[in-house]
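Worksheet: the structure to be examined is printed underneath.
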Amino acid sequence: MAGAFDPDLFGHTAEQVALRLRRHLADPSVRGLDLVEPDALAKTARELMTTERDRVAGFDEGRLHRILDLYIGTGIQVHSPGYMGRQFSGVVPLAAVVDLVSSVVNQPSSFYEAAQLPSVAERVMADELNRYVGFDPDRFAMVTTSGGSLANLTALLAARNHAFPGIWTRGAAQEAGRPAIAVGAEAHYSVVRAAGVLGIGEDQVVRLPADRRGRIRADRAGAVLDDARRRGLNVFCLVASAGTTSMGAFDPLAELAAVTRPRGIWLHVDGAHGASLLLSARHRHRLRGLDQADSLTWDAHKMLFVPSPCTLLFYRDAATAAGAFRQRASYVFDDEPDVYSALDSGDRTLECTKRPMIMPLWTLWAMYGPALFARKIDHLCATARLAHRMLRAEPGFAVLHQPEANILCFRYSPPGLDPAHLHRLQLAIRDRVRADGRLFISKVDIDGVAALRLVVMNHRTDASHLALLIAETRAAGRRALREAGLPTPGAPPETPDAAPTP
Ligand SMILES: Cc1ncc(COP(=O)(O)O)c(C=O)c1O
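Sequential numbering from 0 applies to the sequence shown in numbering that gives the first Met the number 0.
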């Protein structure tokens with residue numbers, strides 16, 4: 000068994016892995032996803048397992064390499080310019096190296112004594128990033144969570160406990176007024192899920208009117224909130240999106256703050272995707288008014304290019320952050336804090352043992368500075384705008400919106416198709432493009448009809464890859480139309496019974 004813990008074996012395998020990953024990162028090919036049938040993959044996985052059950056098997060380097068190749072090969076190829084479909088990113092390689100260090104030194108980061116540098120780095124990064132968020136430097140708080148979904152849940156909990164001070168102890172049944180939240184039409188599903196977890200119930204989720212891009216109409220939100228109150232709902236939080244998942248649209252934060260403030264409603268900004276635009280001088284105007292919000296979710300594993308998960312949850316007021324959880328646990332929380340436990344964050348998150356997720360981000364920031372992120376974000380947004388221009392110039396394509404960030408939705412939309420056919424056509428295209436394996440895009444329903452969704456996450460994606468996407472989309476669409484017996488645009492009508500030309 001000692002062999003499994005052998006430091007020399009670690010050194011050797013780490014070198015081998017580094018060489019493999021280096022090759023993987025340097026691979027210039029355009030590739031999306033090699034989608035493997037799950038049963039076949041499970042069979043391969045089982046075949047890779049040792050048959051030794053009663054004793055510790057010897058180290059088999061060949062087996063390890065086959066496992067690693069399978070792991071790398073069956074992933075969405077986030078480091079290829081063909082990856083244009085989801086929001087998690089190809090990581091800056093140095094961040095992955097630091098992540099490996101985290102795995103070896105294993106310093107869970109909710110308590111200072113277990114994670115000294117990560118705890119300090121969280122403070123440092125909180126101050127650094129808050130310069131862009133704009134909260135009062137003497138009052139704000141930041142805590143890391145494993146993902147934006149958990150950050151949204153934690154913020155809603157803090158907001159609820161703030162509005163209903165007795166609820167943590169007495170439970171919701173004793174509260175006057177039904178606790179409710181308000182969301183935009185395009186709020187991420189994790190927000191309504193959080194409402195479910197908190198026992199708010201879907202019936203208490205007030206849907207605010209939206210414009211054509213799914214942005215909350217601030218001019219109509221106040222009336223809807225007032226109406227909800229008249230119906231007995233106690234809306235304690237409005238969740239705005241800074242970058243919706245579907246189209247990357249930004250809700251008008253300053254205008255929404257003007258609606259929530261006088262009504263005493265907490266404004267939470269779900270900036271899981273789009274908060275990173277704060278780092279770009281060109282794009283940060285999209286989050287105008289953020290400094291007036293009460294809390295912010297910011298995923299670094301999306302547009303700050305670090306391994307997932309790494310989410311930062313900001314609160315305007317540290318006192319409300321502390322109110323999310325009100326517990327005593329003498330084995331970890333000291334009644335008399337000292338200079339060390341002052342940096343503990345375990346009382347502010349759902350997690351007890353937590354990855355020191357700040358380390359890759361802080362190391363990149365320490366080494367390269369914010370310009371690294373700003374440049375890459377600018378490039379991704381510019382590439383989305385380029386895609387918009389190229390697609391608009393293509394006959395047979397419908398572009399659904401101007402990109403506000405790096406997300407763009409479009410359809411291959413030959414004239415004369417009814418919505419049901421149009422919907423199925425986009426699904427067929429997504430499936431074919433994915434099966435082809437060179438490009439990876441996703442889909443989202445807009446107004447009930449599927450659309451193709453481009454998320455530019457890779458700085459190597461350029462006009463040539465966008466041209467490839469257009470060509471592949473068109474070819475996949477035409478094939479799908481042919482197979483469905485529908486006319487394909489630009490093709491001569493099929494005349495199977497026509498007499499052969501002499
Ligand atoms: C706007 C928005 N909020 C929340 C989330 C959930 O974040 P996570 O996947 O980190 O849990 C996402 C994920 O894509 C998102 O786009």
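Just so you know, even glycine gets a beta-carbon here, dropped at the ideal spot from N, CA and C.
The structure presented is a predicted model; accordingly, all values stated were derived computationally and were not measured.
Exercise for review: Look up alanine 248 in the DSSP assignment and say whether it is helix, strand or coil.
Suggested key: Mapped onto the sequence shown, residue 248 falls at position 249. Three-state result, alanine 248: coil.
**Study point:** Cβ contact (3+ pairs, closer than 8 Å) linking the region 189 to 196 and the region 217 to 228
**Key:** no
Practice item. In angstroms with no decimal places, state the Cα-to-Cα distance between leucine 503 and threonine 168. Key: As displayed, the chain neither begins before 0 nor continues past 501, which places residue 503 out of reach and without an answer.
**Study point:** Residues bridged to isoleucine 66 (per DSSP)
**Key:** The sequence position of residue 66 within the sequence shown is 67, counting from 1. Beta-bridge pairing links isoleucine 66 to no other residue.
Exercise for review: Indicate, with yes or no, if ligand 1 has a heavy atom lying under 7 Å from the CB of alanine 271.
Suggested key: Here the question's residue 271 lines up with position 272 in the sequence shown. Alanine 271: yes, Cβ under 7 Å from ligand 1.
Practice item. Take asparagine 105 as the anchor and find which of Gly72, Gly231, Thr352 and His420 has the nearest alpha-carbon. Key: Taking the sequence shown and counting its residues from 1, one reaches residue 105 at position 106. If we check each option's Cα against that of asparagine 105, Thr352 comes out closest.
Review point. Heavy atom of ligand 2 less than 7 Å from the Cβ of glycine 147, yes or no?
Key: This structure simply doesn't include ligand 2; it includes ligand 1 instead.
Practice item. Measure the alpha-carbon distance for cysteine 408 versus alanine 475 and round it to whole angstroms. Key: Numbered from its first residue, the sequence shown carries residue 408 at position 409. Numbered from its first residue, the sequence shown carries residue 475 at position 476. Cysteine 408 and alanine 475: Cα-Cα distance of roughly 17 Å.
Exercise for review: Could you check if proline 499 is buried or exposed, using at least 16 other CB atoms within 10 Å of its CB as the buried criterion?
Suggested key: Here the question's residue 499 lines up with position 500 in the sequence shown. Residue placement at proline 499 cannot be trusted, given a pLDDT of 37 that sits under 50; what the coordinates show is reported in the next sentence. Looking at its Cβ environment, which holds fewer than 16 other Cβ atoms inside 10 Å, proline 499 is exposed.
Point to revise | Which residues DSSP lists as bridging tyrosine 314, in chain order | key: Reading the sequence shown from its first residue, position 315 is the one you call residue 314. DSSP lists Ala140 and Ser294 as partners of tyrosine 314.
Check your understanding: Where does alanine 475 fall in DSSP's three states?
Key -> Indexing the sequence shown from 1 puts residue 475 at position 476. It is helical.
Check your understanding: The beta strand (DSSP E) spanning valine 97 covers which residue range?
Key -> Residue numbering aside, residue 97 sits at position 98 when the sequence shown is read from its first letter. Note, valine 97: premise wrong, no beta strand (DSSP E); alpha helix (DSSP H) at 92 to 104.
Exercise for review: Can you have a look at methionine 48 and say buried or exposed, based on whether 16 or more other CB atoms are within 10 angstroms of its CB?
Suggested key: Taking the sequence shown and counting its residues from 1, the one referred to as residue 48 is at position 49. With fewer than 16 other Cβ atoms within 10 Å, it is exposed.
Check your understanding: Would you say the beta carbon of threonine 153 comes nearer than 7 Å to a heavy atom of ligand 1?
Key -> Position 154 of the sequence shown, counted from the first residue, corresponds to residue 153. Result no, Cβ not under 7 Å from ligand 1.
**Study point:** Residue environment, aspartate 5, which counts as buried when at least 16 other CB atoms sit within 10 Å
**Key:** Locating residue 5 in the sequence shown gives position 6, counting from the first residue. Aspartate 5 comes out exposed.
Practice item. Could you please give me the residues that DSSP links to alanine 434 through a beta bridge? Key: Here residue 434 corresponds to residue number 435 of the sequence shown, with the count starting at 1. According to DSSP, which records beta bridges pairwise, alanine 434 is partnered with nothing at all.
Exercise for review: With DSSP collapsed to three states, give me the class of proline 495.
Suggested key: On the sequence shown, residue 495 is found 496 positions in, with the first residue counted as 1. Note that proline 495 has pLDDT 41, beneath the 50 cutoff, so the model's placement of it is unreliable and the number below is only indicative. In this structure, proline 495 counts as coil in the three-state DSSP scheme.
Practice item. Ignore the nearest five residues each way along the sequence and tell me which others in phenylalanine 372's own chain have a CB closer than 6 Å to its CB. Key: Numbered from its first residue, the sequence shown carries residue 372 at position 373. For phenylalanine 372, where only same-chain residues beyond five positions count, the Cβ hits under 6 Å are Leu278 and Leu303.
Check your understanding: If you follow the beta strand (DSSP E) that isoleucine 445 is part of, which residue opens it and which one closes it?
Key -> On the sequence shown, position 446 is the one that residue 445 refers to. Its beta strand (DSSP E) spans residues 441 to 445.
Review point. Within 7 Å: the Cβ of threonine 73 and any heavy atom of ligand 1?
Key: Counting from 1 along the sequence shown, the entry for residue 73 is found at position 74. No, the beta carbon of threonine 73 sits no closer than 7 Å to any heavy atom of ligand 1.
Review point. Distance, Cα to Cα, threonine 50 vs glutamate 60?
Key: Counting from one through the sequence shown, the residue named residue 50 turns up at place 51. Counting from one through the sequence shown, the residue named residue 60 turns up at place 61. The alpha-carbon atoms of threonine 50 and glutamate 60 are separated by roughly 16 Å.
Check your understanding: Under the DSSP definition of a beta bridge, which residues are partnered with arginine 452?
Key -> Your numbering for residue 452 matches position 453 in the sequence shown. DSSP output for arginine 452 lists Cys408 and Ser441 as bridge partner(s).
**Study point:** Length at least 4, wholly inside the region 132 to 220: the alpha helix (DSSP H) runs in chain order
**Key:** 147 to 162, 166 to 169 and 188 to 196
**Study point:** Chain-order list of residues whose beta-carbon lies under 6 Å from that of tyrosine 111 (same chain, five-residue window excluded)
**Key:** Locating residue 111 in the sequence shown gives position 112, where the first residue counts as 1. Contacts found: Ser118, Tyr339, Leu342 and Asp343.
Review point. Using the C-alpha atoms, what's the distance from lysine 442 back to glutamine 69?
Key: Stepping through the sequence shown from its first residue, residue 69 is reached at position 70. Stepping through the sequence shown from its first residue, residue 442 is reached at position 443. Checking the sequence shown, residue 69 turns out to be leucine, not glutamine. Cα-Cα distance, rounded: 26 Å.
Check your understanding: Are there three or more Cβ pairs, one per stretch, closer than 8 Å when the region 132 to 147 is compared with the region 365 to 383?
Key -> no
**Study point:** Spatial neighbours of arginine 429 in its chain, beta-carbon cut-off 8 Å, leaving aside the 5 residues before and after
**Key:** Taking the sequence shown and counting its residues from 1, one reaches residue 429 at position 430. For arginine 429, where only same-chain residues beyond five positions count, the Cβ hits under 8 Å are Ile440, Ser441, Lys442, Ala449 and Leu451.
Practice item. Can you grab the Cα-Cα spacing for the pair proline 501 / leucine 480, in whole Å? Key: Indexing the sequence shown from 1 puts residue 501 at position 502. Indexing the sequence shown from 1 puts residue 480 at position 481. Because the pLDDT of proline 501 is 31, which lies under 50, any placement of that residue in the model is unreliable, and the number read from its coordinates should be weighed accordingly. For proline 501 and leucine 480, the distance between alpha carbons rounds to 30 Å.
Exercise for review: Measure the C-alpha to C-alpha separation of glutamate 493 and glutamate 482 and round it to an integer number of angstroms.
Suggested key: The residue you call residue 493 lines up with position 494 of the sequence shown. The residue you call residue 482 lines up with position 483 of the sequence shown. Its pLDDT being 44, under 50, glutamate 493 is placed unreliably by the model, and the measurement read from it follows with that caveat. Rounded to the nearest angstrom, the two C-alpha atoms are 12 Å apart.
Check your understanding: Would you call glycine 213 buried or exposed, if buried means 16 or more other Cβ atoms sit within 10 Å of its Cβ?
Key -> Counting from one through the sequence shown, the residue named residue 213 turns up at place 214. So glycine 213 counts as buried.
Check your understanding: With a cut-off of 8 Å, do at least 3 Cβ pairs link the region 114 to 130 to the region 346 to 363?
Key -> yes
**Study point:** Cβ contact (3+ pairs, closer than 8 Å) linking the region 390 to 402 and the region 304 to 311
**Key:** no
Review point. So, methionine 246 versus isoleucine 406, is the Cβ gap smaller than 8 Å?
Key: The residue given as residue 246 occupies position 247 in the sequence shown. The residue given as residue 406 occupies position 407 in the sequence shown. Their beta carbons are under 8 Å apart, which means methionine 246 touches isoleucine 406 by this criterion.
**Study point:** When Arg437, Met456 and Val100 are compared against glycine 273, the one with the closest alpha-carbon
**Key:** One-based indexing of the sequence shown puts residue 273 at position 274. Out of Arg437, Met456 and Val100, Met456 has the C-alpha closest to the C-alpha of glycine 273.
Check your understanding: Which of the three DSSP states, helix, strand or coil, is assigned to asparagine 233?
Key -> For the purposes of this step, residue 233 is taken as the residue at position 234 of the sequence shown. Asparagine 233 falls in the strand class under three-state DSSP.
Review point. From which residue to which residue does the beta strand (DSSP E) around alanine 397 run?
Key: Walking along the sequence shown from the start, residue 397 turns up at place 398. Its beta strand (DSSP E) spans residues 396 to 398.
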